[in-house]
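The structure appears right after this line, and notes come after that.
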Amino acid sequence: MAYQALYRKWRPRTFDDVVGQEAITDTLKNSLIRGKVSHAFLFAGPRGTGKTSCAKIFAKALNCLNLQEGEPCNECSNCLAADQGAMPDIIEMDAASNNSVDEIRDLLDKVHYAPTEGKYKVYIIDEVHMLSISAFNALLKTLEEPPASVVFILATTELQKVPATIISRTQRYNFKRFSNEAMVQRMEYILGQEGVEYEDKALKVIAQVADGGMRDALSILDQLLSFEKSSVRYEDALEVTGFAAQEQVEKLLLALLNGDSQMALDLAKSAIQDGASAQNILNEIISLTVQAMLFTKTGQGEFLTDDFAQEIAQQSPDRFSQIIDQANDALGSLRFTNQQQIPLEVFLVQASQKRQNSQAGPQVVSAASNPAIERQIKVLKEQVHQLTQQVQQLSQRPSQAF
Ligand SMILES: [Zn+2]
1 MAYQALYRKW RPRTFDDVVG QEAITDTLKN SLIRGKVSHA FLFAGPRGTG KTSCAKIFAK
61 ALNCLNLQEG EPCNECSNCL AADQGAMPDI IEMDAASNNS VDEIRDLLDK VHYAPTEGKY
121 KVYIIDEVHM LSISAFNALL KTLEEPPASV VFILATTELQ KVPATIISRT QRYNFKRFSN
181 EAMVQRMEYI LGQEGVEYED KALKVIAQVA DGGMRDALSI LDQLLSFEKS SVRYEDALEV
241 TGFAAQEQVE KLLLALLNGD SQMALDLAKS AIQDGASAQN ILNEIISLTV QAMLFTKTGQ
301 GEFLTDDFAQ EIAQQSPDRF SQIIDQANDA LGSLRFTNQQ QIPLEVFLVQ ASQKRQNSQA
361 GPQVVSAASN PAIERQIKVL KEQVHQLTQQ VQQLSQRPSQ AF
């Protein structure tokens with residue numbers, strides 16, 4: 001049997017299958033249970049956050065002959081037809097490829113015909129922001145006087161490009177990026193069902209790289225399974241995503257915080273040899289430093305290195321801000337050079353030196369390794385000793401001024 005992409009194979013078929021968008025799926029289920037359904041919905045949010053999946057489930061549930069507490073039964077003839085894309089009352093259109101006014105008019109001409117198989121005629125218009133102005137106007141006219149049994153579900157990744165007149169006619173739902181936990185949970189479920197072994201660390205890396213988009217996470221899994229079919233390994237996940245290992249970035253940040261520039265340079269060198277780019281490394285350092293800063297304030301965060309949390313808990317928030325600023329400067333310099341490694345190395349040296357500057361002052365630990373400072377401290381101690389003796393002598397003398 002041909003390999004079927006996980007994203008297609010595991011597209012959710014019920015609202016309960018949609019992980020991480022409970023606020024939206026619960027509201028949609030309730031409106032179905034109460035039988036109070038608006039004429040137009042707008043699903044807005046980043047790609048891969050479940051907009052199209054929810055639109056398909058909602059359209060199916062609207063026409064299900066045996067609704068189960070707001071969920072489609074997935075067994076009746078309408079549900080089965082909808083799952084196969086063969087339900088005549090569910091009309092899907094991708095505005096990215098069909099955006100002319102003629103195409104929208106064709107679609108809207110048939111809006112007044114009653115549904116043939118189900119209760120509602122449902123129009124799903126994906127990437128609705130791509131419609132031309134005249135196409136939007138034609139759509140607006142229909143939304144202003146919607147026929148009784150028609151429901152529009154408009155989906156967009158770019159809400160700011162949808163005219164306000166359209167937005168105001170719809171019930172809007174904002175789809176959020178999935179949390180890393182929700183993505184890991186979904187990947188664990190799918191891999192468990194597929195009988196595929198995986199390393200927890202690999203799933204964490206994938207969730208981090210996919211940045212809240214389930215579709216991206218599952219495509220990375222697809223890639224991994226296509227070259228190593230039996231398991232999902234951490235090393236492979238790093239290779240496919242082109243990321244420096246998070247552990248390596250954690251060690252790098254610790255080296256900076258501890259003022260160990262040599263260690264930082266060595267770690268960066270080996271990450272680059274493993275295929276990471278200077279830009280990626282800087283971005284990963286920024287993202288990890290932000291997480292570290294949040295951790296010191298809220299106590300929440302997950303890290304791969306065992307003692308990472310204890311080490312960063314002792315740092316001052318200023319240190320984190322300094323590193324973020326310096327890394328941002330280095331990212332800026334990258335644009336003006338072909339030698340990508342130089343701004344990275346300058347950053348690593350500067351960011352690890354900052355510690356000595358910010359903690360300047362007589363410090364026994366650093367003095368031990370610096371003879372000049374040691375001599376200076378000796379002189380200062382001598383002076384303090386003499387001054388103390390003088391003060392003592394003065395205070396012991398009887399007052400003779402008056
Ligand atoms: Zn059904």
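Anchor point for the sequence shown: position 384 equals 384 in the numbering used here, and the numbering is continuous, going up by one each time.
We put the CB at the ideal spot given by N, CA and C, even for glycine.
> Would you call the CB atoms of Gln315 and Phe175 closer than 8 Å?
Replying inline: The residue given as residue 315 occupies position 315 in the sequence shown. The residue given as residue 175 occupies position 175 in the sequence shown. If you check the CB distance, Gln315 and Phe175 do not come in under 8 Å.
>> Please identify the residue among Leu257, Ile342, Thr305 whose C-alpha is closest to the C-alpha of Pro317.
In response: Here residue 317 is taken as the residue at index 317 of the sequence shown, counted from 1. Residue Leu257 is the option with its Cα nearest to Pro317.
>> Does Gln246 pass the burial test, meaning 16 or more other C-beta atoms within 10 Å, or should it be called exposed?
In response: Against the sequence shown, residue 246 aligns to sequence position 246. Per the 10 Å Cβ criterion, buried.
>> To the nearest angstrom, how far is the alpha carbon of Gln322 from that of Phe347?
In response: Counted from its first residue, the sequence shown places residue 322 at position 322. Counted from its first residue, the sequence shown places residue 347 at position 347. If I take the Cα positions, the gap works out to 11 Å.
> According to the Cβ coordinates, are Met214 and Phe243 closer than 8 Å?
Replying inline: The sequence position of residue 214 within the sequence shown is 214, counting from 1. The sequence position of residue 243 within the sequence shown is 243, counting from 1. The Cβ-Cβ distance between Met214 and Phe243 does not fall below 8 Å.
>> Can you list, in chain order, the residues of its chain with a C-beta nearer than 7 Å to that of Phe94? Leave out the 5 residues immediately preceding and following it.
In response: Along the sequence shown, read from residue 1 onward, the residue named residue 94 stands at position 94. The question names Phe, but residue 94 in the sequence shown is Asp. Correct list, in chain order: Asp126, Glu127.
>> Quick check: the Cα distance between Ser261 and Ala182, rounded to an integer number of angstroms?
In response: By one-based count along the sequence shown, residue 261 stands at place 261. By one-based count along the sequence shown, residue 182 stands at place 182. Answer to the nearest angstrom: the Cα atoms are 37 Å apart.
>> Let's test the definition: count the other Cβ atoms within 10 Å of the Cβ of Lys110 and tell me whether it reaches 16, buried, or not, exposed.
In response: For the purposes of this step, residue 110 is taken as residue 110 along the sequence shown, with counting starting at 1. Result: exposed.
> Would Glu69 be called buried (16 or more neighbouring beta carbons within 10 Å of its own) or exposed?
Replying inline: Along the sequence shown, one-based indexing puts residue 69 at 69. With fewer than 16 Cβ atoms within 10 Å of its Cβ, Glu69 is classed as exposed.
>> Could you tell me the alpha carbon to alpha carbon distance between Ser333 and Val209, rounded to whole angstroms?
In response: Counting from one through the sequence shown, the residue named residue 333 turns up at place 333. Counting from one through the sequence shown, the residue named residue 209 turns up at place 209. Cα-Cα distance, rounded: 24 Å.
>> Which of the three DSSP states is assigned to Asn66 in this structure?
In response: The residue labelled residue 66 in the question sits at position 66 within the sequence shown. Correct three-state label for Asn66: coil.
> Gln279 to Asn180, Cα distance in whole Å?
Replying inline: Within the sequence shown, the letter at position 279 stands for residue 279. Within the sequence shown, the letter at position 180 stands for residue 180. Between Gln279 and Asn180, the C-alpha separation is close to 23 Å.
>> Considering only heavy atoms of ligand 1, does any lie closer than 7 Å to the CB of Pro115?
In response: Translated into the one-based positions of the sequence shown, residue 115 becomes position 115. No.
> To which residues does DSSP link Ala40 through a beta bridge?
Replying inline: Indexing the sequence shown from 1 puts residue 40 at position 40. Bridge partners of Ala40: Phe152.
> What does a CB cutoff of less than 8 Å around Ala313 pick up in its chain, not counting 5 residues either side in sequence?
Replying inline: Translated into the one-based positions of the sequence shown, residue 313 becomes position 313. If the five residues before and after Ala313 are omitted, its C-beta is found closer than 8 Å to the C-beta atoms of Phe295, Thr296, all from its own chain and listed in chain order.
> Would you report the Cα separation of Pro72 and Asn66, rounded to the nearest angstrom?
Replying inline: Here residue 72 corresponds to residue number 72 of the sequence shown, with the count starting at 1. Here residue 66 corresponds to residue number 66 of the sequence shown, with the count starting at 1. Rounded to whole angstroms, Pro72 to Asn66 spans 7 Å at the Cα level.
> Should Tyr189 go down as buried or exposed, given a rule of 16 or more other Cβ atoms within 10 Å for buried?
Replying inline: Sequence index remark: in the sequence shown, residue 189 carries index 189 (1-based). So Tyr189 ends up on the exposed side.
> By a C-beta neighbour count over all protein chains shown, 10 Å radius and 16 as the cutoff for buried, is Glu250 buried or exposed?
Replying inline: For the purposes of this step, residue 250 is identified with residue 250 of the sequence shown, where counting begins at 1. Buried, since its Cβ has 16 or more Cβ neighbours within 10 Å.
> Counting pairs of beta carbons, one from the segment 128 to 144 and one from the segment 163 to 174, are three or more of them closer than 8 Å?
Replying inline: yes
> Is Cys54 near ligand 1, in the sense that its beta carbon is under 7 Å from a heavy atom of that ligand?
Replying inline: In the sequence shown, counting from the first residue as 1, residue 54 sits at position 54. No, since every heavy atom of ligand 1 falls outside the 7 Å radius drawn around the Cβ of Cys54.
>> Rounded to the nearest angstrom, what separates Asn98 and Ile104 at their Cα positions?
In response: Locating residue 98 in the sequence shown gives position 98, where the first residue counts as 1. Locating residue 104 in the sequence shown gives position 104, where the first residue counts as 1. C-alpha separation (whole angstroms): 8 Å.
> Less than 8 Å separating the beta-carbons of Ala237 and Ala202?
Replying inline: Mapped onto the sequence shown, residue 237 falls at position 237. Mapped onto the sequence shown, residue 202 falls at position 202. Yes, the pair counts as a contact, with Cβ atoms nearer than the cut-off.
> By a C-beta neighbour count over all protein chains shown, 10 Å radius and 16 as the cutoff for buried, is Gln84 buried or exposed?
Replying inline: Residue 84 sits at position 84 when you count from the first residue of the sequence shown. By the 10 Å Cβ count, Gln84 comes out exposed.
> Taking 7 Å as the cut-off, is the CB of Pro88 close to at least one heavy atom of ligand 1?
Replying inline: The residue given as residue 88 occupies position 88 in the sequence shown. No, the Cβ of Pro88 stays beyond 7 Å of every heavy atom of ligand 1.
>> Here's a check: name, in chain order, each residue in its chain whose Cβ is nearer than 6 Å to the Cβ of Cys79, leaving out the five neighbours to either side.
In response: Locating residue 79 in the sequence shown gives position 79, where the first residue counts as 1. The answer, listed in chain order, is Lys60, Cys64, Pro72, Cys73.
>> With a threshold of 7 Å on Cβ separation, who are the neighbours of Phe58 within its own chain once the five nearest residues in sequence on each side are excluded?
In response: Sequence index remark: in the sequence shown, residue 58 carries index 58 (1-based). Excluding sequence neighbours, Phe58 sits near Leu28, Ile153.
> Where does Asn174 sit, in a helix, a strand or coil, going by DSSP?
Replying inline: Working through the sequence shown from its first residue, we reach residue 174 at position 174. Note: Asn174 maps to strand in three-state DSSP.
>> If we require 4 or more residues per run, which alpha helix (DSSP H) segments fall completely within the segment 44 to 93?
In response: 51 to 63, 77 to 83, all fully within the segment 44 to 93.
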